[in-house]
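Trainee: Here it is: the structure, laid out below.
There are 2 protein chains.
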Amino acid sequence: MFSKACEHGIKAIIYIATQSLQGQRAKIGDVAINSGSPGAFTAKVLGTLTKYNIVNSYTGPTGGFDMSVKQMRQIRMSDIVKIIDGDNIYNGCGLGLSECNESKPCPMHDKFSKVRAGIKDMLTKTTVYDLAKGLHEGKTVLIR
Amino acid sequence: MFSKACEHGIKAIIYIATQSLQGQRAKIGDVAINSGSPGAFTAKVLGTLTKYNIVNSYTGPTGGFDMSVKQMRQIRMSDIVKIIDGDNIYNGCGLGLSECNESKPCPMHDKFSKVRAGIKDMLTKTTVYDLAKGLHEGKTVLIR
DNA sequence: AATATTTAAGATAAATTTGTCCTAAATAAA
DNA sequence: TTTATTTAGGACAAATTTATCTTAAATATT
Ligand code: FES
Ligand code: FES
Numbered sequence: 179m180f181s182k183a184c185e186h187g188i189k190a191i192i193y194i195a196t197q198s199l200q201g202q203r204a205k206i207g208d209v210a211i212n213s214g215s216p217g218a219f220t221a222k223v224l225g226t227l228t229k230y231n232i233v234n235s236y237t238g239p240t241g242g243f244d245m246s247v248k249q250m251r252q253i254r255m256s257d258i259v260k261i262i263d264g265d266n267i268y269n270g271c272g273l274g275l276s277e278c279n280e281s282k283p284c285p286m287h288d289k290f291s292k293v294r295a296g297i298k299d300m301l302t303k304t305t306v307y308d309l310a311k312g313l314h315e316g317k318t319v320l321i322r
Numbered sequence: 179m180f181s182k183a184c185e186h187g188i189k190a191i192i193y194i195a196t197q198s199l200q201g202q203r204a205k206i207g208d209v210a211i212n213s214g215s216p217g218a219f220t221a222k223v224l225g226t227l228t229k230y231n232i233v234n235s236y237t238g239p240t241g242g243f244d245m246s247v248k249q250m251r252q253i254r255m256s257d258i259v260k261i262i263d264g265d266n267i268y269n270g271c272g273l274g275l276s277e278c279n280e281s282k283p284c285p286m287h288d289k290f291s292k293v294r295a296g297i298k299d300m301l302t303k304t305t306v307y308d309l310a311k312g313l314h315e316g317k318t319v320l321i322r
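Chains as they are written, first to last, in this note's numbering: chain X, 179 to 322; chain H, 179 to 322.
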């Protein structure tokens, strides 16, 4: 469904958000440990997300990553997925044809496009805050 | 969503099915041309599908691939996807945790598992015949 | 100012996926 | 029986994704 880069990115963001809810910045080492992802690889993904103002980064001692509550509430999962994986998941053809075209559909189009719309809807209606809350309350986990 | 191998396999199967509906066996060269996929790569995928009795193969002149109408009606898209891509798409965690676990869910579990069920449902309820019919009637295409 | 800590970013490496090529085996037809 | 045609299958190659390593830049603290 999502690339590894995207999975690591999402987990990292959710972890950073929960730390921010506690007034703490998260260092990349902490992020890696607490989200179960490879540090250097996740750092690159976070670099990209920083560029798009999904998350904030600070260098030097006391540095790390954080998010404001405003960011958590405004940023949707669909934003993150689009930045990392592109929008093929929202618009791409299920059978890999060069584009999805309503008027000249592939054999799976009718059924696939409904599922695809469901994915988009789900990601668009879910904010970082929504997911961070569950983790913060101990109802969900990032590692298994 | 699906791997390239799976996309090529599905397109190949649908093409072979339409040819079978016309009493014709399809050679791998024809399959490649008419499904817009790399011949040698698709041949390997068809080799696997032949092993699982999704499709039938015949060597020698007049050889090629075909499917019986019974096969087309019994075989579901979910069968093909499972053979080629495994069952991660049906059971895997959306955030890549080692397994999806209801009682210790990842932050996306509740929303993701619904979407995932929708995909499984769609693939399980769609047979090869369903898709081959649309292509046979000229309502859908395999190449763009 | 010097030092220690942290992210930024490019180079490199490993792993996986995608794709090609070549030879063998099967088989229909001449 | 010989020949031509087709799939089977292993080796190989290319491309992409995933992951690591190293150095530079930023910055807080001493
Ligand atoms: S054309 Fe394939 S999903 Fe729309
Ligand atoms: S635990 Fe992640 S989807 Fe179920």
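Cβ atoms here follow ideal geometry from the backbone N, Cα and C, with glycine treated the same way.
These numbers come from a predicted model, not from an experiment.
With burial defined as no fewer than 16 other Cβ atoms inside 10 Å of the residue's Cβ, what is the status of G214/H: buried or exposed?
Mentor: buried
Trainee: If we count the other Cβ atoms within 10 Å of its Cβ and call it buried at 16 or more, is Y230/X buried or exposed?
Mentor: exposed
Trainee: So G242/X is in the beta strand (DSSP E); what residue range does that whole segment cover?
Mentor: G242 to D244
Trainee: Using a Cβ-Cβ cut-off of 7 Å (strictly less than) and excluding sequence neighbours within five positions of F180/H, which residues of its own chain qualify?
Mentor: V259 and D263
Trainee: Quick one, are the C-beta atoms of R294/X and G272/X less than 9 Å apart?
Mentor: yes
Trainee: Since A204/H sits in a beta bridge, which residues does DSSP pair it with?
Mentor: F243/H
Trainee: So, is D265/H buried or exposed, given that buried needs 16 or more other C-beta atoms within 10 angstroms?
Mentor: exposed
Trainee: Collect the residues with a C-beta less than 6 Å away from any heavy atom of ligand 1 and give them in sequence order along the chain.
Mentor: C271/X, G272/X, L273/X, L275/X, C278/X, N279/X, P283/X, C284/X, M286/X, H287/X, F290/X and S291/X
Trainee: CB L309/X to CB T302/X, shorter than 9 Å?
Mentor: Not in contact: L309/X and T302/X (Cβ atoms no closer than 9 Å).
Trainee: For D288/X and R322/H, what's the separation of their Cα atoms in angstroms?
Mentor: Cα to Cα, D288/X sits roughly 17 Å from R322/H.
Trainee: Let me know if P159/H comes out buried or exposed under the rule of 16 or more other beta-carbons within 10 Å of its beta-carbon.
Mentor: There is no way to answer for residue 159/H, as the model of chain H reaches only from 179 to 322.
Trainee: Can you tell me whether Y307/H is helix, strand or coil according to DSSP?
Mentor: helix
Trainee: Alpha carbon to alpha carbon, how far is N212/H from T304/H? Give it in angstroms, no decimals.
Mentor: 22 Å
Trainee: Can you pull out the residues from the region 279-298 of chain H whose beta carbon lies closer than 9 Å to at least one beta carbon of chain X?
Mentor: N279, K282, P283, C284, P285, M286, H287, D288, K289, F290, K292, V293, R294, G296 and I297
Trainee: Would L320/H and P285/X qualify as a contact pair, given that the criterion is a beta-carbon distance under 9 Å?
Mentor: yes
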